[in-house]
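Numbering (the working numbering), first residue to last: 48 to 322. Please read the structure below before turning to the comments.
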Amino acid sequence: MKLVMSFNPDPEVEGKDACIFAFKGEQILVIEAEGSYRIPRRSELESLQLTGIREHYLGVLDTAPCYAVDLDTGADIPDGFCFTGLRDLFEHLGEGLFSAAGYAFQILHWDRMHQFCGKCGAPAEYAYAERAKVCTECRAVYYPRISPAVIVAVKKGSQLLLARNKQRKHKFYSVLAGFVEPGETLEECVKREVREETGIKVKNIRYFASQPWPFPNALMIGFTADYAGGEIREDGREIADAGWFTPENLPRVPGPISIARKLIDAFLEEQKDTS
Ligand SMILES: [Zn+2]
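So this is what it looks like as structure tokens:
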């Protein structure tokens, strides 16, 4: 089940009970039942007296219209409902709902961050015909921001390059990633990030897949690459530890759904086929 995005409400589903992706800060409102979560319908929220500050139409999921709602930070909720982090939805909701919730969060985050014009400071208002905000004075236009980042699985024979980040709370190893700089191609970014973070040179860079990553607005663009030279030398800033790992000595890796894990799983599959 995947959200079909659109800016304008679809008349075919109008009047149907909508899915509400309601956020208080970075936390999303869910209904908790028997240890699992689900996204509430509008009819289930009507009696709660939650105050929505902003609302955006997102599109259609299955046959239900979907909305992103930004709640008042004072919002109080009864038993059966709870607020949870987006990352926790991974295991509970599956990929379709996680990506719809991530989209909702990105739209709300953009709206919150563009209450005023960054150029002249005047209030910004919604554009009429597209998802954008426009300055009421100088007419500067602000679209939802997306920050492209590359993520790459570097292979050396039957080994995969994995690294542990210094700042991450969860102590797992993952493939390398980094934000694209202005003026840089994706391939150049792959080479630079791997070199900067680990001292390794790569070749044969091939596209793998992409994934929106709503923390808060990255688009992860996945690649595979082959080792081309160099010895591992951690950068000491972002990377705490890096190493070459075989399927037999794999450390703790990220959870399912993330493209990082998909890259690692693809490597493991490939090794199975060749062994
Ligand atoms: Zn302005």
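Glycine is no exception: its CB is placed at the ideal position from the N, C-alpha and C atoms.
With contacts defined as CB atoms closer than 9 Å, V201 and V222 qualify as a contacting pair.
In this chain, the beta strand (DSSP E) harbouring I67 covers C66 to K71.
Distance from F270 to I286 at the Cβ level is roughly 18 Å; contact not present, criterion being Cβ atoms closer than 8 Å.
From the listed residues V116, E93 and A147, the smallest Cα separation to R159 is found for V116. A straight line joining the alpha-carbon of L140 with that of C185 spans about 42 Å. In the displayed model, L50 falls within coil according to three-state DSSP, outside both helix and strand.
G165 has its alpha-carbon roughly 33 Å from the corresponding atom of E244. For K238, the uninterrupted alpha helix (DSSP H) segment begins and ends at L233 to T245.
DSSP places R253 within a strand segment (E or B) once states are collapsed to three.
Per DSSP, R308 is one residue of the alpha helix (DSSP H) stretching across I306 to T321. Residue pairing from DSSP places Y104 in a beta bridge opposite Y114. Per DSSP, D158 is not a residue of any beta strand (DSSP E); the alpha helix (DSSP H) it occupies stretches across L133 to M160. Any heavy atom of ligand 1 within less than 6 Å of a residue's beta carbon puts that residue on the list, which reads C164, K166, C167, A169, C182, E184, C185 and A187.
In the structure shown, P58 adopts helical secondary structure according to DSSP, grouped into three states. If only uninterrupted beta strand (DSSP E) runs of at least 3 residues are considered, those enclosed by the region 179 to 228 are 180 to 182, 194 to 203, 206 to 212 and 223 to 226. Between F68 and I75, the beta carbon gap of about 6 Å places them in contact (Cβ cut-off 8 Å). Contact annotation: P298 and L208 have beta-carbon atoms that are not nearer than 9 Å. Straight-line spacing of the CA atoms in D282 and C236 works out to 16 Å.
Residue environment analysis places F70 among the buried positions, since at least 16 neighbouring C-beta atoms fall within 10 angstroms of its C-beta. Around the CB of V107, 16 or more other CB atoms lie within 10 Å, so the residue is classed as buried. A Cβ-Cβ distance of about 7 Å is found for the pair G143 and L50, placing them in contact under the 8 Å criterion. Taking all protein chains shown into account, S90 has fewer than 16 neighbouring C-beta atoms within 10 Å of its C-beta and is therefore exposed.
Counted as a single uninterrupted DSSP element, the beta strand (DSSP E) harbouring E172 occupies residues A171 to Y173. It is roughly 5 Å from the alpha-carbon of Y220 to the alpha-carbon of V300.
Per the C-alpha coordinates, the member of F137, D273 and V181 positioned closest to P261 is F137.
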